[in-house]
Structures are given as structure tokens and as C-alpha cells.
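Respectively, the protein sequence lines represent chains S and P.
For the first sequence, the working numbering begins at 1 and goes up steadily by one.
For the second sequence, the working numbering begins at 111 and goes up steadily by one.
We put the CB at the ideal spot given by N, CA and C, even for glycine.
2 protein chains.
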Amino acid sequence: MKRTTQHIDYSDDAVRIARYAKALSHPVRLTILKLLSNQSCCFTTDLVDVLPLAQSTISQHLKELKDSGLIQGEINPPKIKYCINQEKWEEAKALFEVLFSKDFTKIKIT
Amino acid sequence: MKRTTQHIDYSDDAVRIARYAKALSHPVRLTILKLLSNQSCCFTTDLVDVLPLAQSTISQHLKELKDSGLIQGEINPPKIKYCINQEKWEEAKALFEVLFSKDFTKIKIT
DNA sequence: AAAACTAATCGTATATTTGCGATATACAAA
DNA sequence: TTTGTATATCGCAAATATACGATTAGTTTT
Chain S
1 MKRTTQHIDY
11 SDDAVRIARY
21 AKALSHPVRL
31 TILKLLSNQS
41 CCFTTDLVDV
51 LPLAQSTISQ
61 HLKELKDSGL
71 IQGEINPPKI
81 KYCINQEKWE
91 EAKALFEVLF
101 SKDFTKIKIT
Chain P
111 MKRTTQHIDY
121 SDDAVRIARY
131 AKALSHPVRL
141 TILKLLSNQS
151 CCFTTDLVDV
161 LPLAQSTISQ
171 HLKELKDSGL
181 IQGEINPPKI
191 KYCINQEKWE
201 EAKALFEVLF
211 SKDFTKIKIT
């Protein structure tokens with residue numbers, strides 16, 4: 001997109017909420033997160049079996065979730081076991097709690 | 111995008127969480143929501159004054175927030191007063207609470 | 001060493017998002 | 001009625017997202 005206006009510096013909180021929200025903004029990724037929650041962890045193979053999407057597509061969604069921090073992959077040759085990253089998950093939970101609380105009026109956004 | 115695979119029917123909850131998350135996935139929209147929270151309501155003019163973005167761009171973000179249901183506009187000639195839609199806001203809050211709770215393993219996604 | 005399996009990445013196509021300026025629309029004020 | 005103010009929408013451009021199949025890379029098994 002055109003970026004003719006000055007860059008806006010948002011607060012860390014705003015950037016983090018936005019990033020987590022984006023990770024959560026696709027039903028497939030919610031499905032993956034639910035599967036990981038259900039089984040505590042799971043292999044990509046299992047996801048590919050369950051979801052009606054190409055392996056490459058699922059891999060892309062996993063990458064996005066990984067980039068957001070919400071999940072982590074553990075190498076378990078020859079497979080990779082994905083789990084929810086509890087620390088980040090709790091952070092996201094806390095951030096959304098603030099967002100939906102009265103304290104939202106106080107948090108720094110820009 | 112190519113849609114060669116079958117359409118996936120996600121649950122209402124999944125679709126709603128994803129939609130709310132998408133609305134929250136941009137720092138500008140978080141900023142707008144914070145401003146509305148702070149002042150309970152506010153006119154577009156005020157937003158245009160505060161944010162370093164073109165009026166048309168802000169209007170677009172307002173439209174997205176409106177479409178998500180999180181805000182509503184009240185005509186107040188010649189201006190439009192935007193407010194947070196408390197009902198939908200509470201719904202979003204509840205959905206994210208479930209998402210981050212143990213009950214997430216139980217909610218229907220697909 | 002060869003074959004099989006797992007997962008990531010590449011290249012490509014299309015859709016959507018984000019931004020802008022310009023224009024349209026609707027109402028209020030002069 | 002003309003002018004001004006407020007907001008939405010249009011048309012465009014660039015970036016990002018979403019999907020696929022094909023290929024690559026790394027392990028494991030045979």
C-alpha cells in the first residue's frame with residue numbers, strides 16, 4: 001500500500017494485541033489451536049489428516065501461529081510436534097482481558 | 111484465492127471469534143476503540159483530527175468496525191457519533207474468554 | 001545406498017487489506 | 001439558493017493473505 005503518511009509508532013501492547021488478534025482471525029487457525037488444546041500437542045500429520053487443506057497450506061498457517069508465538073514446534077524425528085506456547089498464550093489472554101476491561105481506557109496505544 | 115477444496119463449514123462461534131479477531135487485528139482500529147472507550151462516544155471529525163490518516167482511510171476502518179458489530183454510528187446531524195456497541199462488545203469479550211479458558215477444548219469449531 | 005516419510009519452502013494465482021485523493025451525498029447554515 | 005461541513009464511496013496502487021502443486025531438505029527405514 002502507499003505509505004505517504006508518517007509512520008505511526010504504536011505501543012508494544014497495541015502491536016502485540018493486533019498481532020495475536022491477527023493470528024486468531026482465521027477459522028482454520030482457531031481449529032488448529034483447538035486441536036492442540038484438546039490433545040495438548042500434535043503432529044502436523046494429524047492436522048493434515050483432519051483438515052481438508054493441502055499440506056503446504058497447513059504448514060503456512062502453522063508458520064503464522066508460530067510467528068505470533070502462540071504455538072511452538074518441537075522436533076521429534078521424523079515428525080514435528082506442535083504445542084501451544086503456554087507463556088505466550090497466557091500473555092495473549094492477559095492482553096485481551098485488559099482490552100475488554102475498563103483498564104483498556106488507560107493502556108497506551110500510540 | 112484458488113478454492114479447489116471443498117468449503118469448510120465452521121461453527122458460528124468460530125466464525126464470530128475470527129471476525130472479531132480480524133476487527134481487532136489492526137493498531138489503528140484498536141486506537142479508535144480506545145478513543146471511543148475513553149470518551150464513551152466520539153465524532154469522526156475528532157478521529158480525523160487525532161489520527162495521522164486520511165479521512166477516507168479512517169472511514170474505511172470505521173466501516174470495518176461497524177461491520178464486525180463492535181461499534182455503531184448514531185446520526186447526529188451534521189455529524190455521526192460513533193459508540194462502542196456494548197452488546198456486541200460483551201459478546202466478543204465472552205467469546206475470547208471461552209477461547210482462553212479450558213472450555214475452549216469443548217467449543218465446536220467445525 | 002535407496003526408498004519412504006515429514007515438513008518447509010518456492011512459485012504462482014487470486015482475494016483481500018490498507019492506503020490515498022477525488023468525488024458524491026446529505027444536511028446545516030448563511 | 002448557495003456555501004460549508006461531515007461522512008461515505010469510488011478508483012487506483014501496493015502490500016499482504018490464502019490457497020494450491022511441485023520441489024527441496026532432512027530423517028528414517030529398508
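Margin query: Using a 10 Å radius around the Cβ and a threshold of 16 neighbouring Cβ atoms, would you call Asn186/P buried or exposed?
Written below: exposed
Margin query: I need the DSSP call for Phe100/S, collapsed to helix, strand or coil.
Written below: coil
Notebook entry, point to check: Going by DSSP, which residues form a beta bridge with Asn76/S?
Noted result: Lys79/S
Next item on the list: Can you tell me which of the three DSSP states Ile181/P falls into?
Entry: strand
Check: When we look at the beta-carbon of Ile8/S and count the other beta-carbons within 10 Å, is it buried (16 or more) or exposed?
Finding: exposed
Notebook entry, point to check: How is Ile84/S classed by DSSP in three states: helix, strand or coil?
Noted result: strand
Item checked: Selection from Ala128/P, Gly183/P and Lys144/P that minimises the alpha carbon distance to Ile32/S -> Ala128/P
Notebook entry, point to check: Using a Cβ-Cβ distance under 8 Å, would Ser38/S count as near chain P?
Noted result: A quick correction: the sequence has Asn, not Ser, at residue 38/S. Output row for Asn38/S: interface = yes.
Note to self: Can you pull the chain S neighbours of Ser135/P, defined as C-beta to C-beta under 9 Å?
What the structure shows: Ile17, Ala18, Arg19, Tyr20, Ala21, Lys22, Ala23, Leu24 and Ser25
Notebook entry, point to check: Straight-line CA distance for Ser56/S to Thr155/P?
Noted result: 45 Å
Next item on the list: Out of Leu163/P, Glu201/P, Val158/P and Trp199/P, state which residue places its alpha-carbon closest to the alpha-carbon of Ile190/P.
Entry: Val158/P
Check: Got a sec: is the Cβ-Cβ distance from Tyr192/P to anything in chain S below 8 Å?
Finding: no
Check: Of all Cβ atoms in chain P, is any one closer than 8 Å to the Cβ of Thr31/S?
Finding: yes
Next item on the list: Count the other C-beta atoms from every protein chain shown that fall within 10 angstroms of the C-beta of Asn148/P, then say buried if there are 16 or more, exposed otherwise.
Entry: exposed
Item checked: Cβ pair Leu70/S, Trp89/S closer than 8 Å -> yes
Next item on the list: Quick one: list the residues of chain S neighbouring Phe214/P, beta-carbon separation under 8 Å, in chain order.
Entry: Leu33, Lys34 and Ser37
Notebook entry, point to check: Listed from N- to C-terminal order along the chain, which residues in the stretch 179-205 of chain P have their beta-carbon within a distance smaller than 8 Å of any beta-carbon of chain S?
Noted result: Trp199, Ala202 and Lys203
Item checked: Asp123/P CB to nearest heavy atom of the ligand NAP below 7 Å -> Among the ligands in the structure shown, none appear at all, so the ligand NAP cannot be discussed.
Check: Thr220/P touches chain S at which residues, Cβ-Cβ below 7 Å?
Finding: Thr31
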